Amino acid sequence: MSDGYYNSKKTDDICEEVCGQQASRAALTMSRLRCMLRGFDIKTYIFLFVVIPVFIFGIFLHGQKITYFLRPIWESPPKPFHEIPHYYHENVTMETLCSLHGWKIRESPRRVFDAVLFSNEIDILKLRWNELYPYITQFVLLESNSTFTGLPKPLIFASNRLEFKFIEPRLTYGMIGGRFKKGENPFVEEAYQRVALDQLIRIAGIEDDDLLIMSDVDEIPSAHSINLLRWCDGVPPIIHLQLRNYLYSFEYHVDNKSWRASVHRYKTGKTRYAHYRQADVVLSDAGWHCSFCFRHIREFIFKMKAYSHTDRVRFSHYLNPKRIQDVICRGADLFDMIPEEYTFKEIIGKMGPIPHSYSAVHLPAYLLNNAEEYKYLLPGNCKRESG
Ligand SMILES: *[C@@H]1O[C@H](CO)[C@@H](O)[C@H](O)[C@H]1NC(C)=O
Ligand SMILES: *[C@@H]1O[C@H](CO)[C@@H](O)[C@H](O)[C@H]1NC(C)=O
Ligand SMILES: *[C@@H]1O[C@H](CO)[C@@H](O)[C@H](O)[C@H]1NC(C)=O
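At the far end of the sequence shown sits residue 387, using UniProt numbering, and the numbering has no gaps.
Next comes the structure, spelled out in structure tokens:
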């Protein structure tokens, strides 16, 4: 039996030698290992030529899923934020609200600038600007004819500008030509556009000690949060806003952990428009982040292609309109990804579709006042307009 090469006389000699305890300790261990491996050679072959190739093929197909699932092993969570408790009721005076936060009321509110890089989120922009309208001095909007991924983009805001007549006197609009560099990391174009936005904010007339909101269009601070920050003295100079995360519409409440939006007390030469972590404090429950909250399926497709993480569109069928509609109604993931979390508990807790939420309490007022027009954002209306 088993007369293979490895069971030749020579091999046996080595093994015998080991068993005879002639060698040093280290050599002994090594040789024992070698003898063991030789005994398992068929299994080794199976491992080498079946298990490893299947594993590599699996990584090829689902590499991202695997790395994301194993994320708790290779990445530890960032330092937690210091969460500032947030007090609000419409019937409580501003003086009381400021003092509840440990701040002091001012004689007059600060001026507030709201600056965004615009892609194609027309409906969400309208919700945003209507929500913030009473408290904003200048709305600053920059759009480019290039997506972050270098695809040509029509000037969607410019062609819809008439719908925004209500803020026209307070609008500083800028357009920037894309650089259309093929194969470049999309973060470079994004950074380039953010620098241009810095200049536009200065053109809009911002001065030291004015407040500047830095956030994506779909990160909407609640009006009362901005009103609080402009009326109180003692607010940290940079404060992040914790927003409720929604996906596709306000029917899918993912979590409450959005933190990228921030409010800055402007300092000439120091304040730079950014969308990453810039401070350790975050104001609790300060608004909404509605990702992929589009009216038309074509806007989903555009955003999926224009997105900074384009490597997520791994298969072309991800862009199939039927699939997209189905994913929305199930509350599933457009990119078929694993939740981006730092612990196995959270990853597993978030796997599968997002549960439906039937609460439309505490949503932007403009949305509820125009519910018929924005029906697709409200619970129970997942079907999108085609075309
Ligand atoms: C708000 O305050 C007024 C007077 O202070 C009171 O009559 C009213 O009931 C209050 N409303 C709510 C919703 O608490
Ligand atoms: C983008 O805008 C720049 C500046 O207006 C212009 O020169 C360029 O031709 C435009 N490119 C496309 C593809 O629209
Ligand atoms: C988000 O926060 C609100 C208020 O604190 C809470 O009622 C709700 O359950 C939270 N939702 C999720 C999905 O964590």
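We put the beta carbon where it would ideally sit given N, CA and C, even for glycine. None of these values were measured; they are calculated from a predicted model.
Those residues which DSSP pairs with residue i across a bridge
{"i": "Thr172", "result": "Val140"}
{"i": "Trp288", "result": "Ile220, Arg244"}
{"i": "Phe118", "result": "Glu143"}
{"i": "Asp233", "result": "Lys104"}
{"i": "Arg265", "result": "Leu211"}
{"i": "His253", "result": "Tyr246"}
{"i": "Phe113", "result": "Gln138, Leu212"}
{"i": "Leu283", "result": "Ile84, Leu241"}
{"i": "His296", "result": "Glu385"}
{"i": "Pro152", "result": "Ser146"}
{"i": "Ser258", "result": "Leu243"}
Any non-hydrogen atom of ligand 2 closer than 6 Å to residue i Cβ
{"i": "Pro152", "result": "yes"}
{"i": "Gly177", "result": "yes"}
{"i": "Asn145", "result": "yes"}
Near ligand 3: residue i beta-carbon under 6 Å from a heavy atom
{"i": "His89", "result": "no"}
{"i": "Asp255", "result": "yes"}
Option in the options with minimal Cα separation from residue i
{"i": "Arg230", "options": "Lys305, Arg265, Asp255", "result": "Arg265"}
{"i": "Ile238", "options": "Val281, Leu197, Glu219, Asn227", "result": "Val281"}
{"i": "Leu197", "options": "Thr271, Tyr358, Asn160", "result": "Thr271"}
{"i": "Ala365", "options": "Glu131, Ile42, Lys126", "result": "Glu131"}
{"i": "His62", "options": "Ile354, Ser144, Arg314, Glu385", "result": "Arg314"}
{"i": "Phe148", "options": "Leu142, Val188, Phe166", "result": "Val188"}
{"i": "Gly102", "options": "Leu127, Glu168, Cys232, Asn91", "result": "Cys232"}
{"i": "Gln141", "options": "Asp210, Leu125, Lys153", "result": "The sequence given here has Leu at residue 141, not Gln. Checked all of Asp210, Leu125, Lys153; the closest Cα to Leu141 is Leu125."}
{"i": "Leu212", "options": "Ile167, Asp255, Val112, Gln199", "result": "Val112"}
{"i": "Val195", "options": "Asn185, Ala274, Val263", "result": "Ala274"}
{"i": "residue 467", "options": "Asp336, Gly331, Arg330", "result": "Past the boundaries of the shown model lies residue 467; the chain is included only from 1 to 387, so the question cannot be answered."}
{"i": "Glu346", "options": "His356, Val254, Asp326", "result": "Val254"}
{"i": "Thr67", "options": "Pro109, Glu341, Glu190, Lys153", "result": "Glu341"}
{"i": "Arg384", "options": "Lys153, Phe57, Gly174, Gln325", "result": "Gln325"}
{"i": "Cys329", "options": "Ala261, Leu100, Tyr252", "result": "Tyr252"}
{"i": "His289", "options": "Tyr276, Asn256, Phe55", "result": "Asn256"}
{"i": "Ile301", "options": "Gln278, Gly205, Val327", "result": "Val327"}
{"i": "Lys267", "options": "Pro152, Asp209, Arg161", "result": "Asp209"}
{"i": "Gln278", "options": "Ala261, Asp285, Phe294", "result": "Ala261"}
{"i": "Asp123", "options": "His362, Cys293, Ser222, Ile105", "result": "Cys293"}
{"i": "Pro152", "options": "Asn160, Tyr135, Tyr173, Lys182", "result": "Lys182"}
{"i": "Ser249", "options": "Pro221, Ser291, Tyr133, Pro72", "result": "Ser291"}
{"i": "Pro134", "options": "Ser146, Pro109, Phe157, Asn145", "result": "Pro109"}
{"i": "Glu107", "options": "Asp114, Ala115, Cys98", "result": "Cys98"}
For residue j and residue i, the rounded distance between their alpha carbons
{"i": "Met351", "j": "Pro339", "result": "7 Å"}
{"i": "Ser225", "j": "Gly287", "result": "8 Å"}
{"i": "Ile354", "j": "Gln138", "result": "37 Å"}
{"i": "Arg128", "j": "Glu163", "result": "14 Å"}
{"i": "His82", "j": "Gly150", "result": "37 Å"}
{"i": "Asn120", "j": "Pro169", "result": "22 Å"}
{"i": "Glu372", "j": "Glu143", "result": "29 Å"}
{"i": "Leu117", "j": "Lys43", "result": "57 Å"}
{"i": "Val50", "j": "Glu299", "result": "43 Å"}
{"i": "Ser215", "j": "Glu95", "result": "27 Å"}
{"i": "Lys303", "j": "Leu48", "result": "42 Å"}
{"i": "Ser386", "j": "Ile297", "result": "6 Å"}
{"i": "Trp259", "j": "Phe180", "result": "30 Å"}
{"i": "Phe166", "j": "Leu247", "result": "28 Å"}
{"i": "Ile201", "j": "Val92", "result": "33 Å"}
{"i": "Asn245", "j": "Val263", "result": "18 Å"}
{"i": "Lys322", "j": "Ala332", "result": "14 Å"}
{"i": "Tyr374", "j": "Trp74", "result": "42 Å"}
{"i": "Ile59", "j": "Arg312", "result": "14 Å"}
{"i": "Asn369", "j": "Leu363", "result": "11 Å"}
{"i": "Ile77", "j": "Val54", "result": "The amino acid occupying residue 77 in the given sequence is Pro; Ile does not appear at that position. Answer to the nearest angstrom: the Cα atoms are 31 Å apart."}
{"i": "Leu155", "j": "His317", "result": "28 Å"}
{"i": "Ile203", "j": "Cys382", "result": "41 Å"}
Contact test: residue i Cβ vs ligand 4 heavy atom, cutoff 6 Å
{"i": "Glu184", "result": "In terms of ligand content, the structure shown lacks ligand 4 and carries ligand 1, ligand 2 and ligand 3 instead."}
Quick one: complete alpha helix (DSSP H) runs, 4+ long, within the segment 311–377? 321–330, 344–350, 365–369
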